[in-house]
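> In our numbering, the protein residues as written are 39 to 603.
My questions will all concern the structure given below.
As structure tokens, then:
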């Protein structure tokens, strides 16, 4: 999401007389006739987040168990911070919750702060934490943990977003995981109606206005019809958790299933989260995934499920398995750990270097460890911790660009006792910008004393932006595209490997191919979104934004295609 400095640049660069061609080049979207187009030039705007929901139902929907026994006097909000801790890997910038309690004057109330979950909820101060959770106690709750690379210290951008209204079904709060590719089209459509105003210029704000518009009228609308209406206009990834002042809740997964969304029920306790590990650690055992285009609804304390959109081609983000999701999670029945292990084994099957007793395998902690273990086992090599991670430095991929290089240096410490004189096979899960890897390769030699450094990457080269919620949305920031031959569609060549290795000062480099993903992840490869590794996108606006980026790139521009521009 953009920061306040974005707002200033946004205003300074607004013009009323942009031509249609310039509007497309700067915004990455088709212009709307007779509407003012606005341009945002800040890099780092997209986000990857985590959402969660809890509800104490009016009656049991299944047998009780360890999770439901945690609830005291029907208060589920007390469980939300611990749940969000298990989603902290998806975002470290801000966290928050909204709870519903009909016995307090503020029936629907929201707490959100900048910082990690522990910081946002003051969990390191037991008395303050208990008081805070007492204030927000209630039988229904939604939560969010946010990542945004601009590093904005402004809680207005934190979620959940709450909208007050005098009528209870129009008073609601929601949280969102994903990214709307057709942001500008939706924004202009709302501005064409009377008296809509935007203050934050984010797709979360678009969703808030879209929900409010569909909740208008003198009677509460049917919730699945609200989602059905929005799905006909939204292009992109959008998992939602929603709660209103009537105590109605829904959770929904977008029709293409870009992002995972798990749920479970135990006794009277219903729970949902972006990752299954958050449910497992609470004590749930029968954990399921919402199908793409499906929603769980709770009204009058009763749980029902409904498909709100017709089935489409699934486009699940393969990067969830490779990097983002916790290794302890499952996505649509496929475990992340097993998927990463298969990726490592397949890399080993492709190995062409001569091996000897000086060879060791070293994972880049932590997300590459499962692949590294499998790679080493397959080849009969020792897998050693030659890099020690500083656990107090966040994930560099989801940090602001201004701090990423510094974090890459402080995050890992090479161990000469392990590395000196060794031929090191460094296993990495992905290379996006190459910032971290370039620093590590130099340090393995200079500080660790490694004789050789061979990098093996457990996913294909990232060659194109993501428009669905992962922060790799400009062509200019990506490492791999400059090495790809014309017509590249996901099968890297030996020539590409050699050129990349030379650029990064490596002894050798190898990636997997796109065709390897389905088998290794344990899913049908045709159900994956591979836009960032093939430059072919599953939605209309993804392809439109890419064409805009390419035109800019050919003209010597930065290839900016941020969905807020």
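Note that CB positions come from ideal geometry on N, CA and C, so glycine has one too.
Residue 175 and residue 96: beta carbons closer than 8 Å?
No, the pair does not count as a contact, with Cβ atoms beyond the cut-off.
> Taking DSSP as the reference, what is the three-state secondary structure of residue 593?
Residue state, collapsed to three classes: coil.
> Taking DSSP as the reference, what is the three-state secondary structure of residue 506?
If DSSP states are grouped into helix, strand and coil, residue 506 belongs with coil.
> For residue 209, does the three-state DSSP call read helix, strand or coil?
In the structure shown, residue 209 sits in coil (DSSP, three-state: anything other than H, G, I, E or B).
> Identify which residue in 500, 460, 327 and 424 has its Cα closest to the Cα of residue 478.
It is 424 whose Cα lies nearest to the Cα of residue 478.
> Between which two residues does the alpha helix (DSSP H) carrying residue 243 extend?
Counting along the chain, the alpha helix (DSSP H) containing residue 243 begins and ends at 241-252.
> In angstroms with no decimal places, state the Cα-to-Cα distance between residue 340 and residue 354.
If you take the alpha carbons of residue 340 and residue 354, they lie about 30 Å apart.
> If contact is defined by three or more beta carbon pairs under 8 Å, each pair taking one atom from either stretch, is the region 486-504 in contact with the region 382-397?
Output reads yes: the region 486-504 touches the region 382-397.
> Roughly how many whole angstroms lie between the Cα atoms of residue 346 and residue 319?
Residue 346 and residue 319: Cα-Cα distance of roughly 30 Å.
> Classify residue 110: buried if its beta carbon has 16 or more other beta carbons within 10 angstroms, exposed otherwise.
Residue 110 comes out exposed.
> Span of the beta strand (DSSP E) holding residue 146?
It spans 146-152 - the beta strand (DSSP E) in which residue 146 sits, taken as one unbroken run.
> Along the alpha helix (DSSP H) that carries residue 558, what are the first and last residues, could you check?
Counting along the chain, the alpha helix (DSSP H) containing residue 558 begins and ends at 555-559.
> Express the C-alpha separation of residue 525 and residue 532 in angstroms, rounding to a whole number.
Residue 532 and residue 525: Cα-Cα distance of roughly 16 Å.
> Which residue's Cα is closest to the Cα of residue 573: 168, 543, 547 and 505?
Nearest option by C-alpha distance: 505.
> So, residue 275 versus residue 91, is the Cβ gap smaller than 8 Å?
Going by C-beta atoms, residue 275 is not nearer than 8 Å to residue 91.
> Cα-Cα, which of 141, 253 and 185 is closest to residue 153?
Ranking 141, 253 and 185 by Cα distance to residue 153 puts 185 first.
> So, is residue 166 buried or exposed, given that buried needs 16 or more other C-beta atoms within 10 angstroms?
The residue in question, residue 166, is exposed, as its Cβ has fewer than 16 Cβ neighbours within 10 Å.
> Are the CB atoms of residue 219 and residue 453 nearer to each other than 8 Å?
No, they are not a contact pair.
> For residue 150 and residue 212, I'd like the C-alpha separation in whole angstroms.
Whole-angstrom Cα-Cα distance: 12 Å.
> What whole-angstrom Cβ distance do residue 330 and residue 363 have, given they're in contact under 8 Å?
About 17 Å separates the two Cβ atoms, so there is no contact after all.
> By the three-class DSSP mapping on this structure, what secondary structure does residue 490 have?
The answer is strand: DSSP assigns residue 490 an E or B state.
> Out of 499, 459, 507 and 482, state which residue places its alpha-carbon closest to the alpha-carbon of residue 489.
When each option's Cα is compared against that of residue 489, the closest is 459.
> Along the chain, where does the alpha helix (DSSP H) containing residue 225 start, and where does it finish?
It spans 221-229 - the alpha helix (DSSP H) in which residue 225 sits, taken as one unbroken run.
> Is the Cβ-Cβ distance between residue 568 and residue 551 less than 8 Å?
Cβ atoms of residue 568 and residue 551: not closer than 8 Å.
> Using only CA atoms, which one of 575, 366, 463 and 519 lies nearest to residue 127?
Of 575, 366, 463 and 519, the residue nearest in Cα terms is 366.
> Applying the 10 Å Cβ sphere with the 16-neighbour rule, what's the burial state of residue 360?
Result: buried.
> In terms of alpha-carbon separation, which member of 281, 263, 332 and 308 lies closest to residue 290?
Ranking 281, 263, 332 and 308 by Cα distance to residue 290 puts 332 first.
> For the alpha helix (DSSP H) that contains residue 118, what are its first and last residues?
118-123 is the extent of the alpha helix (DSSP H) around residue 118.
> Check residue 461 in the structure and name its three-state DSSP category.
Residue 461: strand per DSSP, three-state reduction.
> State the Cα-Cα distance for the pair residue 316 and residue 548, rounded to the nearest angstrom.
Using only the alpha carbons, I get a separation of about 34 Å.
> Would residue 164 be called buried (16 or more neighbouring beta carbons within 10 Å of its own) or exposed?
With fewer than 16 Cβ atoms within 10 Å of its Cβ, residue 164 is classed as exposed.
> Confirm, please, whether the CB-CB distance from residue 307 to residue 214 is below 8 Å.
No. Outside cutoff.
> According to DSSP, is residue 110 helix, strand or coil?
Strand at residue 110.
> Across which residues does DSSP place residue 93 in a beta bridge pair?
DSSP output for residue 93 lists 178 and 308 as bridge partner(s).
> In three-state terms, what does DSSP make of residue 4?
In this structure the chain extends from 39 to 603, so residue 4 is not present and cannot be described.
> By Cβ distance, which residues of its chain are closer than 7 Å to residue 334, with the 5 residues on each side in sequence left out?
Excluding sequence neighbours, residue 334 sits near 288, 289, 301, 310, 328, 341 and 343.
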